[in-house]
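In what follows, a structure is listed as structure tokens, so that the remarks can point back to it.
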Amino acid sequence: MENYEPTVVAFCCHFCAYTAADLAGTMRLQYPTNIRIVRIPCTGKVDVRFLLEAFEKGADGVYVAGCLEGDCHFLKGNFRAKKRVALAKRILEDAGIGGERLEMFNMSAAMGPRFAEVAREMTERIRKLGPSPIKRPKSTAHSAERKEHRV
Amino acid sequence: MIIAEGKPIKEILAMIDDYDKIIVAGCKGCVTVCSAGGQKEVEILSSALRLARKAQGKALDIKEVTLERQCDTEYLEPMREYADQYQAILSLACGAGIQFVAEKFRKQPVLPGVNTQFIGVTEEQGVWTERCQSCGNCLLHQTGGICPVTRCSKSLFNGPCGGSKAGKCEIDPQIDCGWQLIYERLKELGLLAKLEVVLPIKDWSTSRDGGPRKRIREDLKI
Chain G
4 MENYEPTVVA
14 FCCHFCAYTA
24 ADLAGTMRLQ
34 YPTNIRIVRI
44 PCTGKVDVRF
54 LLEAFEKGAD
64 GVYVAGCLEG
74 DCHFLKGNFR
84 AKKRVALAKR
94 ILEDAGIGGE
104 RLEMFNMSAA
114 MGPRFAEVAR
124 EMTERIRKLG
134 PSPIKRPKST
144 AHSAERKEHR
154 V
Chain F
107 MIIAEGKPIK
117 EILAMIDDYD
127 KIIVAGCKGC
137 VTVCSAGGQK
147 EVEILSSALR
157 LARKAQGKAL
167 DIKEVTLERQ
177 CDTEYLEPMR
187 EYADQYQAIL
197 SLACGAGIQF
207 VAEKFRKQPV
217 LPGVNTQFIG
227 VTEEQGVWTE
237 RCQSCGNCLL
247 HQTGGICPVT
257 RCSKSLFNGP
267 CGGSKAGKCE
277 IDPQIDCGWQ
287 LIYERLKELG
297 LLAKLEVVLP
307 IKDWSTSRDG
317 GPRKRIREDL
327 KI
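Chains as they are written, first to last, in my numbering: chain G, 4 to 154; chain F, 107 to 328.
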């Protein structure tokens, strides 16, 4: 467990968070390598199915990063995503995975430092929560394997 | 169309607790339009059920399928090819569809994945409201196209009652008074005189009298 490294999937809007991630890189800002970015044309493209699928495929945490409210390139995409994230949180709660493993963030393309901060915040949150309930036994085995490998 | 809403995931999980191989069957009819049991809802529910069962340490094999309709025999037939390999069928169709699947597939239990609510319309995206109670004896021509059976909370035929206040119903101030709607509509049409005709006592024998209803058209039978 002490070697547990969470996998966090970030669905990032092309017009803001994805560009902010790029900026974070250009600014040489450090953020955890646990983040797996999926670029989407707008957070309005995010569907509850994608969010659940990420968990099914082994993500320990997922977040959606969209434009600041009122700044969506497609006007309402981030508001739609907000509602879908809220629904998916309820579903995850009912399914025993935990709604707190999913979050929605807003940022502009100029907010590179904020992107790195969110990546750290979410990684820390998921690290504290531990591995996803669907892979707890497996991930213990994995960390044991990893330990052996290191030795 | 028939309006339904998905059952709580916890209720469904309790229903399928004994099974590890199930079919989740959606319907492309009414429940698709009211976002309760179409292909998308099948995928979301299946995903949630798989996650929940994995978290419990009990794997669940789900066959996801969305049939054209579940209330017609021919559209159920394709499911026969694989139904026997599964222990239960969780149907997301309306109550009629679920029962029809149960009638046609006798070897495994058929479970409801939705609660069927009413016959209604899409008032706006994500908002559905009731319009018809299928009483079997329509009188919309006399009431300006607004059904007193459904829209009046008390199903009055010569309303409104004394509980109508500022166009709202005493049952719930969010609900429009059905008879106020009828009055406004007839006024708009210049047909207020219709309200002077006292509607006779309704013949409810076409409604739920005499058990489940049946309609036969001999000319269409094969």
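Even for Gly, the Cβ is constructed at its ideal location relative to N, Cα and C.
Burial state of residue i (16 or more Cβ within 10 Å)
i: Thr-2 of chain G; result: Nothing about residue 2 of chain G can be reported from this structure: the residues present for chain G run from 4 to 154 only.
i: Ser-135 of chain G; result: buried
i: Glu-151 of chain G; result: For Glu-151 of chain G, the predicted model reports a pLDDT of 44, less than 50, meaning its position is unreliable; a value from the coordinates is still stated below. Under this definition Glu-151 of chain G is an exposed residue.
i: Ala-147 of chain G; result: For Ala-147 of chain G, the predicted structure reports a pLDDT of 44, less than 50, and the residue's modelled location is therefore unreliable. A value from the coordinates is still provided. Flag for Ala-147 of chain G reads exposed.
i: Leu-297 of chain F; result: exposed
i: Asp-63 of chain G; result: buried
i: Ile-288 of chain F; result: buried
i: Asn-264 of chain F; result: exposed
i: Ile-322 of chain F; result: exposed
i: Ser-153 of chain F; result: buried
i: Met-30 of chain G; result: exposed
i: Leu-105 of chain G; result: buried
i: Lys-79 of chain G; result: exposed
i: Gly-250 of chain F; result: buried
i: Pro-218 of chain F; result: buried
i: Gly-284 of chain F; result: buried
i: Arg-117 of chain G; result: buried
i: Gln-280 of chain F; result: exposed
i: Val-227 of chain F; result: exposed
Backbone CA spacing between residue i and residue j [nearest angstrom]
i: Tyr-21 of chain G; j: Cys-15 of chain G; result: 5 Å
i: Thr-172 of chain F; j: Val-303 of chain F; result: 49 Å
i: Ser-197 of chain F; j: Leu-26 of chain G; result: 48 Å
i: Val-88 of chain G; j: Asp-178 of chain F; result: 36 Å
i: Ala-23 of chain G; j: Ala-98 of chain G; result: 33 Å
i: Met-107 of chain G; j: Val-148 of chain F; result: 24 Å
i: Gly-268 of chain F; j: Thr-256 of chain F; result: 18 Å
i: Leu-32 of chain G; j: Cys-70 of chain G; result: 20 Å
i: Ala-110 of chain F; j: Lys-274 of chain F; result: 26 Å
i: Lys-86 of chain G; j: Glu-72 of chain G; result: 13 Å
i: Arg-42 of chain G; j: Cys-253 of chain F; result: 50 Å
i: Pro-266 of chain F; j: Ile-195 of chain F; result: 46 Å
i: Thr-126 of chain G; j: Pro-184 of chain F; result: 46 Å
i: Val-233 of chain F; j: Asp-325 of chain F; result: 39 Å
i: Asp-315 of chain F; j: Lys-308 of chain F; result: 13 Å
i: Arg-319 of chain F; j: Ser-311 of chain F; result: 11 Å
i: Glu-170 of chain F; j: Pro-9 of chain G; result: 30 Å
i: Asn-6 of chain G; j: Ala-68 of chain G; result: 27 Å
i: Val-332 of chain F; j: Tyr-181 of chain F; result: As displayed, chain F neither begins before 107 nor continues past 328, which places residue 332 of chain F out of reach and without an answer.
i: Val-139 of chain F; j: Arg-237 of chain F; result: 16 Å
i: Glu-59 of chain G; j: Ser-313 of chain F; result: 47 Å
i: Ile-129 of chain G; j: Gly-61 of chain G; result: 13 Å
i: Met-107 of chain F; j: Ile-277 of chain F; result: 25 Å
Backbone secondary structure at residue i - three-state DSSP
i: Tyr-21 of chain G; result: helix
i: Tyr-3 of chain G; result: Any question about residue 3 of chain G goes unanswered here, given that chain G covers just 4 to 154.
i: Pro-9 of chain G; result: coil
i: Thr-249 of chain F; result: coil
i: Asn-109 of chain G; result: strand
i: Val-303 of chain F; result: coil
i: Asp-97 of chain G; result: helix
i: Pro-218 of chain F; result: strand
i: Gly-273 of chain F; result: coil
i: Ser-142 of chain G; result: Reliability of the predicted coordinates at Ser-142 of chain G is poor, the pLDDT of 43 falling under 50, and the value obtained from them is presented with this limitation in mind. Of the three classes helix, strand and coil, the one that applies to Ser-142 of chain G here is helix, per DSSP.
i: Arg-257 of chain F; result: helix
i: Phe-14 of chain G; result: strand
i: Ile-122 of chain F; result: coil
i: Ile-322 of chain F; result: coil
i: Val-227 of chain F; result: strand
i: Leu-78 of chain G; result: coil
i: Ile-38 of chain G; result: strand
i: Cys-267 of chain F; result: coil
i: Glu-174 of chain F; result: coil
i: Ser-311 of chain F; result: helix
i: Gln-193 of chain F; result: coil
i: Val-130 of chain F; result: strand
i: Cys-244 of chain F; result: coil
Residue i beta carbon near the ligand PLP (any heavy atom closer than 8 Å)
i: Ile-322 of chain F; result: With respect to small molecules bound, the structure shown includes none, and the ligand PLP cannot be examined in it.
| task | Report yes or no: do three or more beta-carbon pairs, one from the stretch 110-120 of chain F and one from the stretch 175-192 of chain F, lie closer than 8 Å? | result | no
| said: When you compare the stretch 131-151 of chain F with the stretch 199-209 of chain F, are there three or more beta-carbon pairs, one atom per stretch, that lie closer than 8 Å? | reply: yes
* Select from the stretch 43-69 of chain G all residues with a C-beta closer than 7 Å to any C-beta belonging to chain F, and list them in chain order. => Val-51, Arg-52, Leu-55, Glu-56, Phe-58, Glu-59
*Would you say the stretch 127-135 of chain F touches the stretch 240-260 of chain F, given that touching needs at least three Cβ pairs under 8 Å?*
no
For this session: Please list the residues of the stretch 115-132 of chain F that have a C-beta atom closer than 9 Å to any C-beta atom in chain G, keeping them in chain order.
Result: Ile-115, Lys-116, Leu-119
Evaluate contact between the stretch 35-55 of chain G and the stretch 72-92 of chain G, counting only Cβ atoms and requiring at least three cross-stretch pairs below 8 Å.
yes
Q) For the stretch 157-169 of chain F, which residues have a beta carbon sitting closer than 8 Å to at least one beta carbon of chain G? A) Leu-157, Ala-158, Lys-160, Ala-161, Gln-162, Gly-163
Short of 8 Å Cβ to Cβ, which residues in the stretch 224-241 of chain F face chain G?
none
Anything in the stretch 112-136 of chain G with a Cβ closer than 7 Å to a Cβ of chain F? List those residues in chain order, please. Pro-136
Of the residues that make up the stretch 137-148 of chain F, which ones have a beta carbon closer than 9 Å to any beta carbon in chain G? Lys-146
query = Along the stretch 180-205 of chain F, what residues have a CB closer than 8 Å to any CB found in chain G?
reply = none
Please list, in chain order, the residues of the stretch 68-82 of chain G that have any C-beta partner in chain F closer than 8 Å. none
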